[in-house]
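Below: one structure, written as structure tokens.
Number of protein chains: 2
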Amino acid sequence: MDYKRSTLIEKDYTSIFWINNMNYKIKHAKIHALKTYILLGLLVVCCVSGHGQTTLISEMDKLEWEKVLPGVWKATFGEMGLNALDFADPPKTEAIKELGDSPFPFDKDATYSLQTQRRASIRLPLDETENIYGLGLEFDGINRRGNVYTLKVDHYGGTKGYTHAPVPFYISSRGYGVLINSSQRVKIHVGVGNRKDSKTPEPIDRTTGKNWSARPLSDAVEASVQGKGFEIFIFCGDTPLEAVQRYNLYCGGGVLPPKWGLGFWHRMHTKSTADDVLKEIEDFQINNFPLDVIGLEPGWQSFAYPCSYDWDQTRFPDPKRFVETLDEKGIKVNLWENPYVAPTSTMFNDISPYTGSHTVWLGEVPDYTMPEAQKVLLDHHQKSHLDIGISGYKFDEVDGYDFWLWPDHATFPSGNDAVEIRQLYGLIMQDMLVDHLKKQNKRTYNLIRSSYIGASSKSFVIYSDYYNHEGYVTAISNASMSGVLWTPEIRSAFSAEEWIRRFQTVCFSPMMQLNAWSSGTKPWSFPEVTDMVRDNIQLRKRLLPYLYTAFYSYNQKGIPPFRAMVLENGYDSQGTFTGGKLDDSKNPYAEGKMIEVTDQYMMGPYILVAPVFTGQKERKIVLPEGNWFDFHTGEFVGNNETVTIETKLEQIPLLVKDGAIIPMLPSGVNTNVQNNTAIEVRHYGTKENTYLLYNDDGVSYDYEKGEYSLTELKVEKEKSGKLIGSSIPLNNNKFNYGVITWRWMTK
Amino acid sequence: MDYKRSTLIEKDYTSIFWINNMNYKIKHAKIHALKTYILLGLLVVCCVSGHGQTTLISEMDKLEWEKVLPGVWKATFGEMGLNALDFADPPKTEAIKELGDSPFPFDKDATYSLQTQRRASIRLPLDETENIYGLGLEFDGINRRGNVYTLKVDHYGGTKGYTHAPVPFYISSRGYGVLINSSQRVKIHVGVGNRKDSKTPEPIDRTTGKNWSARPLSDAVEASVQGKGFEIFIFCGDTPLEAVQRYNLYCGGGVLPPKWGLGFWHRMHTKSTADDVLKEIEDFQINNFPLDVIGLEPGWQSFAYPCSYDWDQTRFPDPKRFVETLDEKGIKVNLWENPYVAPTSTMFNDISPYTGSHTVWLGEVPDYTMPEAQKVLLDHHQKSHLDIGISGYKFDEVDGYDFWLWPDHATFPSGNDAVEIRQLYGLIMQDMLVDHLKKQNKRTYNLIRSSYIGASSKSFVIYSDYYNHEGYVTAISNASMSGVLWTPEIRSAFSAEEWIRRFQTVCFSPMMQLNAWSSGTKPWSFPEVTDMVRDNIQLRKRLLPYLYTAFYSYNQKGIPPFRAMVLENGYDSQGTFTGGKLDDSKNPYAEGKMIEVTDQYMMGPYILVAPVFTGQKERKIVLPEGNWFDFHTGEFVGNNETVTIETKLEQIPLLVKDGAIIPMLPSGVNTNVQNNTAIEVRHYGTKENTYLLYNDDGVSYDYEKGEYSLTELKVEKEKSGKLIGSSIPLNNNKFNYGVITWRWMTK
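Protein sequence lines correspond, in order, to chains A and B. Numbering follows the working numbering, with no gaps: position 185 of the first sequence is 462. Numbering follows the working numbering, with no gaps: position 259 of the second sequence is 536.
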């Protein structure tokens, strides 16, 4: 049998790409010039004189950490390809400094890197009690410990980690975050997998042992990518939220959407004409539903899948007049498109030199890592869409599947790797558009189906064809730990109950959208619940001052406006493993399941949202420490406990923190005209509190130059114990709200 | 925005691993010595003077084909790592030559290779009408066209192509096979994905076009692997079966199992003791069930998951006596194990120097690409198991999941790539054991949970925890086109009906096994159907002369004994696409489904098996050209048509080809004593025919030295039209059966 091995090993020796431990010492060297190549040739030959070996931890390279900002550390390992952070906004360094310093969260000497033949990997320590969150837009579960994720931009539903926004950033319950900055598909082992020389539990005989586990506890996170290296960032913090804040701030802070973006979005059926849209708008008025954005689906284009990006002259004979008409009614227009250019497009000839080897749906694939390609698209879109008042886009199909996107072996004119281009496609399109409109001092709010590292400041919300309501709610939490926004958009429903339940969720999400592109549904499609739907939309719209301020806090401090409960102080995630029951055909490893709460989340500083799913007559809500009150009645509900509430069809359960100060518009106010509007300010519970209410013009970037108003809303107790409220304008008054009516919700 | 691109591209230029089209010319060079490394350094520097580019087909390298045997062509591209064929048996060149020559199946000038930064890829032509089969042990569908497979050894159920035996070998309905020989995970695009300069259909506007497809027709198969190259083999043929035969023969031909391997296998509950086994054997006798092999599950070992491989002295105090006792009863013993070595194993210290960096279930992972590691295992197993009469093993857990196997970045003492070691682990274990026992002139028959290229000659049958009955049946067909055997073993059932239906399937499969490791079920666990179960087992056992001869044909001619209908002449697979119905949440691309027949297959030359699933009162059967007859009654059923039959609980539908000659044992004959046994030879239909009946000692490799009997069974028509049968011994008579009773089934 000897011949087999010797043949094989010889092959390895003769491969120039064979890398031995012994040459790790050269891996940090930057290779720039001819002489270095020759030197490398020499080194490789010298080094591979021995044989392969099993690398022990003690033989791995230690990562070298450099502090880049207070509480932010970086280690670089090898060479990387496309860098996602090149497409993120620059760090908000002042805001990071304001968070103060924070110690490095674990032993630096216990962090390692390793280059194997085809992969670069790292090893970071993990203690027994840590929970790990994040890793992008997942629809299933919140605690990521005990699994392996292959973080690949794709539709959801394949291998774990294949998703629209597979962000290689994780957060520990101990209060730090780790970003593995690579544009390759990061494969990450979160507390599973043990090295033979690592600290591990004793093995257990499965036949007789009671606590045998198919995934024995591991003391590390190990991650790897194909190729030759990456950057690792540690975002420190006293809490998981602080780690998230630092990550978001490092990526430029969170997005502050235009106010209209937080209104009601309705997407038309794909075959709709300009007249159909005008009729639909009338119907909205007749049915007394607000409407802030109309989305046009593929049929606005003369050709789609692949796309022409040119107006269909039959359905939209006068696009300019059409958009103006809607603008006069205070309605923005958003255009669907995908990146694949049809031969019939007026921009086809200009962009074709900058497209990749493979087509998608027979359309060419622009290489938007090239400024030349970006320029063709932006010039075309400026002239055909933006100049006539289009507010933004829905960039579809930037994610997967493999069976219609370009293959991993495709080539692109920039020379960038096809895998990396796919991983960053959505991010680059976000960056391209936002950057372009920012030069015109215009804020925008858009949809996209893929995102990645560094997206928190982008004016884009992710959506999916995945349509599980429970998963949609879980995704709101997970998005908040990955620097992305997510909309659980409603499309259709099997019953009036499902319709209102889904509507309630989407009303309390980053984008309130009905996507009727195929179903042609309207908000009033289920008459039994039409009033309830209207009330929920209305409530969301009334909360605009509160929500807009929460987004400002995302922008300035990196605090996600919608966020996972595990980012909340005093919250017990109640994550436990059930013991798995052995079933020879269904669960042959008797694997347990993580039982955790995934169906509630926070909106802004004070409101806990607990969506109800079809069929639920009651539901449990886990309340963090402190007193919590019913949003509608102000009544006390509980403190640091799990309560069970009976559901009401008309209401989504909203719980409010003690001391909450919640500014609300009156009913029926248009999102565009809020300055000087009289507002109601609610207070819940019995605590004194101070709240900073934010406002600005709602549409431009002038707020970055100080053009905004901040009002301090203060609730104090008189000696009698009676609460009184006051408001103090803090800077300029230009965008102040009008008369304030205080409402004391808790009697 | 310019800075982004220039930064990125610069990085590519400075990477030593950046490969430009211009240096393809060096890719075939073998790199052996110092000077070559320097030369390469120079070449790389010279070549990357331009920029990246989109490679057009005309710019790709043409593959260079070399004829290695009649009808077998090979092209080599770049360098590869582990070579699976090094672990296969040598080609049966004489048998391949006997098949004759066959023309290269498509235009050689339309075959291309391309090296991109991190991947090696090929492109082969595909015509509009071709169906593509194979690609390993899949449970879903038979025609692979229109999908992308990432061929990775893993449990089934993740991304398409993750399976126990993801063999990168495909067969065209036009009658050729393509083997992409790589031990990396081959990613293969089967008629999906178009290049911008390839022959493609015209794009269709989805909004208005009727025939828009999410997967437009493509004129190629493209495949790629991470790294720097692979070999491609074309196995020509006049029919798909001939291509399969050439592939199997190139891998050493098919396995000829020992006769006992084709008997009834029963696996004990994991906690069983030696006494429990003896009691179980008694119960088999009492219940009048045959028993040929007893499988012992983890509990025979002193420690399992990870494994000690040492007998548990409490449950098996005298293994030698135990195995002898069973041997006296004509029962073989098969031992379960997985490859991960427990620290308590008596072989731990010896093998530990040859294990990888990571543990599995805290057991060390031997690097069996090293002969040193193989020697430790074989020495131990010879002494502890084989010397006392153990017949073989069930090698479990050689497949996945990622969350318990070693990571892709693990290191191994041989220096071989962790991904390749995983891909080949099962294959190498098969090779190691069969090779070892062959030196002792002992045939064996075993179970394994992963396999790969080159496994047809190995005495192993694959099984899975996946337990869908329909999928299990589909897998029988797919296995036959990938050089592997598959058992749809029965474990447990929800009802007596399911029990008998699953039992019927497993009785007509390569291994008839009840795996009660966890359920503790017995063949008589559902008393209502016990007689039916017994009758089905009996029927399978009676068919041994027929089945054993079919395996001989696998061995000598590469014809799979159980095989897909698409390998049958005159069979219409009836594969059609349904038009997909658009559903905005469930099927937003309105994707159609491939409707094809997956629930019937061939056993030996004449018998079509059509398993019935729980709840089916009737089922359709697609009959190829020619007259087909009912196995039990001999009555005519149909010809080249789809018939619907009413099912009977006690019978699995078996259809027999016109002219079939089927030799059968009498009831109750032990698998070990068949020489000189009187046999019944059935004839079906009206055709004259000749059949070669094979027999040998059933246990050794002496047949390779001519120690076997071949008997010509001939059916001829007298002038009166009456059929008469005759038998002529063709070589030595040592293993002839006894008196032949002809039975004319069709009146």
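Ideal Cβ placement from N, Cα and C applies to all residues, glycine included. Nothing here was measured: the structure is a model prediction, and the numbers come from that model.
Query: Outcome for residue 416(A) when other beta-carbon atoms lying within 10 angstroms are tallied against a minimum of 16; Result: buried
Query: CA-to-CA distance, residue 725(B) to residue 839(B), given in whole angstroms; Result: 18 Å
Query: Any chain B beta carbon closer than 9 Å to residue 666(A); Result: no
Query: The region 710 to 723 of chain B / the region 504 to 522 of chain A touching (three or more Cβ pairs under 8 Å); Result: no
Query: Heavy atom of the ligand FMN within 8 Å of residue 653(B) beta-carbon; Result: For the ligand FMN, the structure offers nothing, since it holds no ligand at all.
Query: C-alpha gap between residue 571(A) and residue 806(A), whole angstroms; Result: 22 Å
Query: C-beta contact flag for residue 619(B) and residue 585(B) at 9 Å; Result: yes
Query: Runs of beta strand (DSSP E) wholly within the region 930 to 954 of chain B (minimum 3 residues, chain order); Result: 931 to 934 and 938 to 941
Query: Cβ pair count under 8 Å reaching 3, the region 793 to 813 of chain A against the region 889 to 904 of chain A; Result: no
Query: Closest residue to residue 528(A) among 341(A), 704(A), 940(A) and 882(A) (Cα-Cα distance); Result: 704(A)
Query: Top-ranked residue by Cα proximity to residue 789(A), from 803(A), 816(A) and 455(A); Result: 816(A)
Query: Chain B contacts made by the region 328 to 341 of chain A, where a contact means CB separation under 9 Å; Result: 328, 329, 330, 331, 332, 333 and 334
Query: Inter-residue spacing [alpha-carbon to alpha-carbon] between residue 1012(A) and residue 479(B); Result: 55 Å
Query: Where the beta strand (DSSP E) through residue 973(A) begins and ends; Result: 966 to 973
Query: Alpha-carbon spacing of residue 410(B) relative to residue 467(B), whole angstroms; Result: 10 Å
Query: Pairwise C-alpha distance: residue 945(B) and residue 423(A); Result: 52 Å
Query: Under 9 Å from the C-beta of residue 643(A): neighbouring residues of chain B; Result: Those within 9 Å of residue 643(A) in chain B number zero; the least Cβ separation is about 11 Å.
Query: Residue range of the unbroken alpha helix (DSSP H) whose run includes residue 648(A); Result: 648 to 661
Query: Environment of residue 779(A) [buried if 16+ CB atoms lie within 10 Å]; Result: buried
Query: Beta-carbon gap between residue 438(A) and residue 455(A) smaller than 9 Å; Result: no
Query: Check whether residue 1025(A) and residue 544(A) have beta carbons under 9 Å apart; Result: Given a span of 278 to 1024 for chain A in the structure shown, any question on residue 1025(A) remains unanswerable.
Query: Residue 553(A) to residue 927(A) span [Cα, whole Å]; Result: 31 Å
Query: C-beta contact flag for residue 491(B) and residue 681(A) at 9 Å; Result: yes
Query: Closest residue to residue 752(B) among 690(B), 913(B), 645(B) and 877(B) (Cα-Cα distance); Result: 877(B)
Query: Nearest-angstrom Cα separation, counted from residue 884(A) out to residue 845(A); Result: 11 Å
Query: Cβ pair residue 758(A), residue 887(A) closer than 9 Å; Result: no
Query: Neighbour flag for residue 960(B) against chain A, beta carbons, 9 Å; Result: no
Query: Among 822(A), 658(A) and 978(A), the one whose alpha carbon lies nearest that of residue 988(A); Result: 822(A)
Query: Three-pair Cβ contact test at 8 Å for the region 972 to 985 of chain A versus the region 995 to 1006 of chain A; Result: no
Query: The region 481 to 501 of chain B: positions lying closer than 7 Å to chain A by Cβ; Result: 482, 483, 484, 489, 491, 492, 493, 499 and 501
Query: Residue 960(A) versus 952(A), 918(A) and 1024(A), residue with shortest Cα-Cα distance; Result: 1024(A)
Query: Where residue 424(A) meets chain B, residues with beta-carbon distance less than 7 Å; Result: 680
Query: CB contact below 9 Å: residue 689(B) versus chain A; Result: yes
Query: Alpha-carbon spacing of residue 598(B) relative to residue 836(B), whole angstroms; Result: 40 Å
Query: Limits of the alpha helix (DSSP H) - the one that residue 781(B) falls within; Result: 773 to 784
Query: Short Cβ contact (9 Å threshold) for residue 872(A) with residue 853(A); Result: yes
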